[in-house]
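Colleague:
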Ligand code: IDP
Ligand code: MG
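Numbering (the working numbering), first residue to last: 34 to 182.
#1: Looking only at C-alpha atoms, which of 116, 174, 119 and 142 sits nearest to residue 93?
#2: For residue 100, which residues in the same chain have their Cβ closer than 7 Å to its Cβ, ignoring the five residues on either side in sequence?
#3: How many whole angstroms separate the CB atoms of residue 120 and residue 58, which I take to be in contact at a CB cut-off of 8 Å?
#4: Relative to the C-alpha of residue 84, which candidate in 145, 174 and 151 has its C-alpha closest?
#5: Got a sec? Which residues, its chain only, sit under 6 Å from residue 64 by beta carbon, not counting five neighbours each side?
#6: Skipping 5 residues on each side, what residues in its chain have a beta carbon closer than 7 Å to that of residue 45?
#7: If you run the structure through DSSP and keep just helix, strand and coil, what is residue 138?
#8: CB residue 67 to CB residue 107, shorter than 8 Å?
#9: Determine the burial state of residue 135: buried for a count of at least 16 other Cβ atoms within 10 Å of its Cβ, exposed for fewer.
#10: Can you give, in chain order, each stretch of the alpha helix (DSSP H) that sits fully within the region 67 to 124 and has at least 4 residues?
#11: Within its chain, find whatever has a CB closer than 7 Å to the CB of residue 70; leave out the 5 residues flanking it on each side and keep chain order.
#12: Which partner residues does residue 129 have in the DSSP bridge list?
#13: Going by C-alpha to C-alpha distance, which of 62, 56, 156 and 90 sits closest to residue 178?
#14: With DSSP as the reference, please indicate the residues paired to residue 35 in a beta bridge.
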């Protein structure tokens, strides 16, 4: 089963969109297996966004993700990585598909509300960075047979 890390970033928390974002992932049929509300440290931000270290927006990205609390979650399901990326929409909100979160609620790339892992491999790595194994609950989701083949 694929796992993906989802963050409701500080703008999503401040704008009261945690519930809306969770609702959309629940509606999709995905399973929530972990969650925590936290103020991100500079250290965690640097590790999480290490891949962007040489980008011009790196420092503003660190300032953004540490600017207020985030809601961090782990979701799993078949094709969870692609499904969640699609639900979030393209990185640039004006390129995000209608109906996606970034299309429906955002305008600018630097305030695009959410993070979602971009590959199965990064999903595994990011979940391990943000959560310990004992924080994940692989519960019996009774709707699963009605969502999964
Ligand atoms: P993603 O969040 O859709 O995976 P990435 O390319 O991994 O997008 O970039 C990480 C985050 O960095 C984006 O979600 C966005 O908040 C920010 N970001 C990416 N490109 C830019 C940019 O050109 N200017 C400002 N912020 C950016
Ligand atoms: Mg990314």
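Glycine included, C-beta positions come from ideal geometry on N, C-alpha and C.
Modeller: Answer, in terms of the structure:
#1: As a working note, residue 93 is residue 60 in the chain shown. Answer by Cα proximity: 142.
#2: On the chain shown, residue 100 is found 67 positions in, with the first residue counted as 1. If we look at residue 100 and ignore the five residues flanking it on each side, its Cβ neighbours are 43.
#3: Taking the first residue of the chain shown as position 1, residue 120 is located at position 87. Taking the first residue of the chain shown as position 1, residue 58 is located at position 25. Going by Cβ atoms, the distance from residue 120 to residue 58 rounds to 6 Å, so yes, they are a contact pair.
#4: For the purposes of this step, residue 84 is identified with residue 51 of the chain shown, where counting begins at 1. Of all alpha-carbon atoms in 145, 174 and 151, the one lying nearest the alpha-carbon of residue 84 is that of 151.
#5: Taking the first residue of the chain shown as position 1, residue 64 is located at position 31. The answer, listed in chain order, is 109, 110 and 174.
#6: Here residue 45 refers to the residue found at position 12 when the chain shown is read from its first residue. Counting only Cβ-Cβ distances below 7 Å, and skipping sequence neighbours, we find 51, 54, 146 and 147.
#7: Residue 138 sits at position 105 when you count from the first residue of the chain shown. Helix.
#8: To locate residue 67, count along the chain shown from 1; it is residue 34. To locate residue 107, count along the chain shown from 1; it is residue 74. In contact: residue 67 and residue 107 (Cβ atoms closer than 8 Å).
#9: Position 102 of the chain shown, counting from 1, holds the residue named residue 135. That one is buried.
#10: 75 to 81, 91 to 98 and 113 to 121
#11: Taking the chain shown and counting its residues from 1, one reaches residue 70 at position 37. So the qualifying residues of the chain are 102 and 104.
#12: Against the chain shown, residue 129 aligns to sequence position 96. Bridge partners of residue 129: none, in fact.
#13: Position 145 of the chain shown, counting from 1, holds the residue named residue 178. Ranking the options by Cα distance to residue 178, first place goes to 62.
#14: On the chain shown, position 2 is the one that residue 35 refers to. For residue 35, which the question treats as bridged, DSSP gives the partners 110.
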